[in-house]
Structures are given as C-alpha cells and as structure tokens.
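According to UniProt numbering, the residues represented by the sequence shown are 1 to 121, in order. Okay, so here's the structure we're looking at.
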Amino acid sequence: MSTADTPSKSVVLQPRIASALTRYRVLAYITGVWLLVLTGEIIYKYVILTDSSTAPSWLFYIGQAHGLFYMVYLVCTIDLAIKARWKPVTIIGVALAGTIPFLSFVAEHYVTKRVRAGVKL
Numbered sequence: 001m002s003t004a005d006t007p008s009k010s011v012v013l014q015p016r017i018a019s020a021l022t023r024y025r026v027l028a029y030i031t032g033v034w035l036l037v038l039t040g041e042i043i044y045k046y047v048i049l050t051d052s053s054t055a056p057s058w059l060f061y062i063g064q065a066h067g068l069f070y071m072v073y074l075v076c077t078i079d080l081a082i083k084a085r086w087k088p089v090t091i092i093g094v095a096l097a098g099t100i101p102f103l104s105f106v107a108e109h110y111v112t113k114r115v116r117a118g119v120k121l
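Printed below as a string of structure tokens:
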C-alpha cells in the first residue's frame, strides 16, 4: 500500500535543499522552545500573579525573543519552501506552526521526514 505521498526511503538531497532544511530545523526548535517559554510567562503573569503589574520587567523580553526568532523561522520556512517547491497551503500551515505550542516540533518532524524522502509537500 505504497503511494507517491508515503515516504519510504531517504533520497540524496541537493545541497541547497539540505542546507535550507538544516536551517529550518534549527529555527523550528528554537521557535518552539521560545513559544513554550512565552506560554509559561503568560500563565505566570496572568494566572498565577494576582496583579500583573507586579511581574518582573524582564518578562517583557520573552515575547520579544520569540517574535524575533519567529520572523527568522518564517524566512527559513519560505527559503526551504521555495527550494523544495512546496504548495502554498503547505507553506501557510508550516509557517503557522510556530504560533501554537508544541506544533512546531510536530511540523518539523513531518517536514523533515517528507523532504528527506523526496516527497513534494
């Protein structure tokens, strides 16, 4: 029951796709970790603290860091998408994966598996 969309083996990637995939994977993990930290910060600030104005001022930088890494993640996603010739729907789905906690890790696994198998997304 093998179809063209089912990855069955690894193919040799072109160097430009392999390097774009590596950059994407690194940024997917970094973005995912910072999103989890941001989620924890929001829970701490708005659920645990009784008054959010008493929150430490350095918490502000967590959202800034995630935003910065998310922008770089988008650039790496688009770079990989162009080089691997993805469909627009796939690009949007993978790009949005950096906005939902834990989803960037799932998307990274899915994308890596498919790209290494030579399947067009």
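Glycine is no exception: its CB is placed at the ideal position from the N, C-alpha and C atoms. Everything numeric in this text was worked out from a predicted model, so none of it was measured.
Three-way DSSP call (helix, strand, coil) for residue i in this model
i, result
"Asp79", "helix"
"Arg100", "The residue you asked about is not Arg; residue 100 is Ile in the sequence shown. DSSP places Ile100 in coil when its eight states are reduced to three."
"Trp86", "coil"
"Val12", "coil"
"Gly118", "coil"
"Leu21", "helix"
"Thr31", "helix"
"Ala65", "helix"
"Ala55", "coil"
Where residue i falls, given that 16 or more other Cβ within 10 Å makes a residue buried
i, result
"Phe69", "buried"
"Ser104", "buried"
"Thr22", "exposed"
"Ile62", "buried"
"Ile58", "As written in the sequence, residue 58 is Trp, which differs from the Ile given in the question. With fewer than 16 other Cβ atoms within 10 Å, it is exposed."
"Val89", "exposed"
"Gly32", "buried"
"Gly98", "buried"
Rounded C-alpha distance that separates residue i from residue j
i, j, result
"Phe60", "Tyr44", "12 Å"
"Trp34", "Val12", "32 Å"
"Ser19", "Val72", "15 Å"
"Val115", "Ala107", "12 Å"
"Val37", "Ala65", "10 Å"
"Ala117", "Ile48", "45 Å"
"Gly67", "Tyr110", "23 Å"
Does the contact criterion of 3 or more C-beta pairs under 8 Å hold for the segment 64-79 versus the segment 24-31?
yes
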